[in-house]
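Residue numbers (the numbering used here), protein chains in the order written: chain A, 1 to 179; chain B, 180 to 625.
Just so you know, even glycine gets a beta-carbon here, dropped at the ideal spot from N, CA and C.
Predicted model, so just to flag it, every value in this text is computed and none were measured.
This report refers to the structure that appears directly beneath it.
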Amino acid sequence: MKHLISCEKVRIRNIDQGAIMKLNKILKNAFLITVACLALSACATSKKSTGQMQGDVYTGTDTVEYLASGVPDRVFFATNESVLTTASRETLRKQAAWLRKNSDITIVLEGHADERGTREYNLALGERRANAAKDYLMTYGISSNRISVLSYGKERPVDSGSNPLAWSKNRRSVSVKAN
Amino acid sequence: MKRIFIIILFLILPTKAFALIEVDITRGNLNPLPIAVSPLSIDENSRQNFEKILKKKNIGIEISAVVEKNLKTSGLFNPLNKDAFLQEPDIANLKPRFEDWNLIKAQALITGNVNFIDDKLRVEFRLWDVLAGKEMMALAFTTVPNNWRRVGHIITDKVYERLTGEKGYFDTRIIYVAEEGPKTRRIKKLAIMDQDGENNKFLTLGNELVLTPRFNPTSQMVTYLSYFRNLPRVYLLDIETGMQEVVGDFPGMTFAPRFSPDGKKIIMSFAKDGNSDIYTMDLENRIVEKITNHPSIDTSPSYSPDGKYICFNSDRSGYQQIYIMKKDGSNVKRISFGRGLYGTPVWSPRGDLIAFTKLHKGKFYIGVMRTDGSGERLLTENFYQEAPSWSPNGRVLIFYRETKTNDKGEGFSAKLWSIDLTGYNERLVTTPTDASDPSWSSLLSN
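Rendered as structure tokens:
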């Protein structure tokens, strides 16, 4: 094995650290002021800004795709939750009806979490969410051997933003045609 | 990689009882010890031979640079500027003029020489106590020339141990996940590098998603999660041969793997029907044992260094908390009771602490607590960071940190950082690409 990488000069980081900390402080203060401003303006416009979320569950349609006409492919979850909302159950009933009509189709339920959790826990959470959807489909007569489950944890977000709306879109279980 | 072949040729009696200098390691880097690393001297014939083989103009200078960078990075030492050195390297190695080194405020001095003997690299070094005017240690190493960086790391380990009284962590490697591409379609590869970021090598091609690699105690095997054929399973990889195999035959996702301290078992989570429990598999007889049995999520298991206990992450209380239990799964006890969520517990190699990730009020922290949950100490706060891994001496933690993106999703990065157990000396660990999920190896040589 060749060692082609040449040696780096030693960086002296201790000296900048004070400067960084100062900068952090300035930024933090600036951030607090911004937050305060936002909070003030939020009072006036709070209804608008939560238009795509109920609590912290996504209710919009930006990222939704369709398995067939009128059959949305995904359901959304609250932070740390795997409980199906009323809207989610409605979506899954549509999926179940469509699956009953197309009895040769098998699906993969892909479970996802947002980026605000540790990787390993989120893998388990994604699996739990996908299984919540699977259980519901099964109660509407879809055989478990037509449904497989795959958790991606936080590895495959649809929205790469770091904000509550983006995170709400990423907490999801998506039904994907497997054949 | 070839197993290193190092012969300790001689060991000159160290003066122990009345060595005056020692490094205070209990308080971080408040007062790093001034140390002079005199370049290793080299004769012209040896220099030319090594230049031919290693393409390095002066391998003596290069090796001392490795030592110097290591010492600096530890935060416990302050290597002095070479421009101020008054004595030539070869003469200093014979007998330092302590007044000269004292003048530039050096308290310790490292000297040495490099020789080309029978196609091998022979490095001799000496550690001097400048104030006492005494030699503290002298060692020589012989190895193949390509191992020159490792010689630098081993010298640092010896000096560190002599001056702090604790084993070093420099002749070690880090295995991690190298990341590239947009956040929504991230490409991830296993990568390995020396502790100082050199000799980076990719171990997988990036065709499938890979996560959470961890070394076995001898640092020759790695266990990790791979999405090969879209079936997320725990795998075992032999670093030397490149052989890979699935661990066990589970009808669903296995994840969060780690080795037992004796290297004989892998402990991991298995998720089925929305429930994750902890299992072990014996690598020799393939016997699988179920360790936890609870409808909640049980994951991120990590053994105590004596193998008698396991700490893990569970949401059985409603939220993510840290628990410990006996190795057979009995006596489950919650130990985290502070505000917020707790994840990724990792037992310190010294046995007395558990490092963790904490989420509280939208901020992520890396912290440590005692094994009964008392003495919680948060070392660093950030927008997102997790997955601490201990240096083999239990002195430093390496973890990864992700940046916040703007509303267009731009500005994302994932990097490795290290921090001293005291909370001082936080440093970016440079990697060629973005990086996450670091795992620190054991000391490769002792």
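E223 (chain B) has its alpha-carbon roughly 21 angstroms from the corresponding atom of L265 (chain B). At the C-beta level, I238 (chain B) and W307 (chain B) stay beyond 9 angstroms of one another. According to the DSSP secondary-structure assignment, V426 (chain B) is paired through a beta bridge with no residue. Under the 8 angstroms Cβ criterion, the stretch 599-616 of chain B counts as touching the stretch 556-574 of chain B, having at least three qualifying pairs. Q500 (chain B) sits buried, since 16 or more C-beta atoms from the chains shown fall within 10 Å of its C-beta. Contact check for I446 (chain B) against S620 (chain B) fails: the beta carbons are separated by 9 angstroms or more.
In the DSSP assignment, I242 (chain B) falls within the alpha helix (DSSP H) that extends over I238 to S253. With a threshold of 16 other beta carbon atoms within 10 Å, A566 (chain B) meets it and is buried. Within the stretch 134-160 of chain A, the beta strand (DSSP E) runs of at least 3 residues that lie entirely inside it are, in chain order, 147-153. Here the alpha carbon of G552 (chain B) sits roughly 31 angstroms from the alpha carbon of R171 (chain A). Shown here, R513 (chain B) sits in a strand according to DSSP, grouped into three states.
Rounded to the nearest whole angstrom, the C-alpha separation of N379 (chain B) and P440 (chain B) is 26 angstroms.
Membership of T391 (chain B) in the beta strand (DSSP E) is indicated by the continuous run V389 to F394. The beta carbon of L520 (chain B) sits closer than 9 angstroms to some beta carbon of chain A.
Buried is the label assigned to L388 (chain B), since at least 16 other Cβ atoms lie within 10 Å of its Cβ.
When C-beta atoms of the stretch 141-157 of chain A are compared with those of the stretch 97-111 of chain A, three or more pairs fall below 8 angstroms, so the two segments count as touching. Among the residues of the stretch 486-500 of chain B, those with a Cβ less than 8 angstroms away from any Cβ of chain A are N492, D494, Y498 and Q499, in the order of the chain. Look at E314 (chain B) here: in three-state DSSP terms it is strand. Runs of alpha helix (DSSP H) with 4 or more residues, each lying fully within the stretch 328-366 of chain B, are absent.
Within chain B, no residue has its beta carbon less than 8 angstroms from that of T61 (chain A); the closest one is some 18 angstroms off. Spanning the alpha carbons of V309 (chain B) and L595 (chain B) requires a straight line of approximately 36 angstroms. Close partners of N409 (chain B) in chain A (Cβ separation under 7 angstroms): L150. Against chain B, the beta carbon of G161 (chain A) has neighbours under 8 angstroms at T584, N585, D586, K587 and G588, listed in chain order. Counting C-beta pairs closer than 8 angstroms gives three or more between the stretch 76-86 of chain A and the stretch 130-143 of chain A, which meets the contact rule. Residues of chain B whose Cβ lies closer than 9 angstroms to the Cβ of N145 (chain A) do not exist, since the nearest Cβ in that chain is about 12 angstroms away.
Where I232 (chain B) is concerned, the enclosing alpha helix (DSSP H) starts and stops at E223 to L233.
Counting the other CB atoms within 10 Å of its CB gives N409 (chain B) a total below 16, which places it among the exposed residues. For A132 (chain A), the neighbours in chain B by C-beta distance under 9 angstroms run, in chain order, G453. Within the stretch 73-104 of chain A, N80 and S82 place their CB atoms closer than 8 angstroms to a CB of chain B, listed in sequence order.
Where R556 (chain B) is concerned, the enclosing beta strand (DSSP E) starts and stops at R556 to N561. Within the same chain, and ignoring the five residues on either side of F491 (chain B) in sequence, the residues whose Cβ sits closer than 8 angstroms to its Cβ are I457, T471, D477, T478, S479, P480, S481, I501, Y502, I503, M504 and P524. Listed along chain A, no residue sits closer than 9 angstroms to F578 (chain B) by beta-carbon distance, the nearest being about 11 angstroms off. Here the stretch 58-71 of chain A makes no contact with the stretch 111-128 of chain A; the two share fewer than three CB pairs at distances below 8 angstroms. Within chain A, R119 have C-beta atoms less than 7 angstroms from the C-beta of L390 (chain B), given in sequence order. For D461 (chain B), the uninterrupted beta strand (DSSP E) segment begins and ends at N454 to D461.
Here L369 (chain B) is buried, its C-beta having at least 16 other C-beta atoms within 10 Å.
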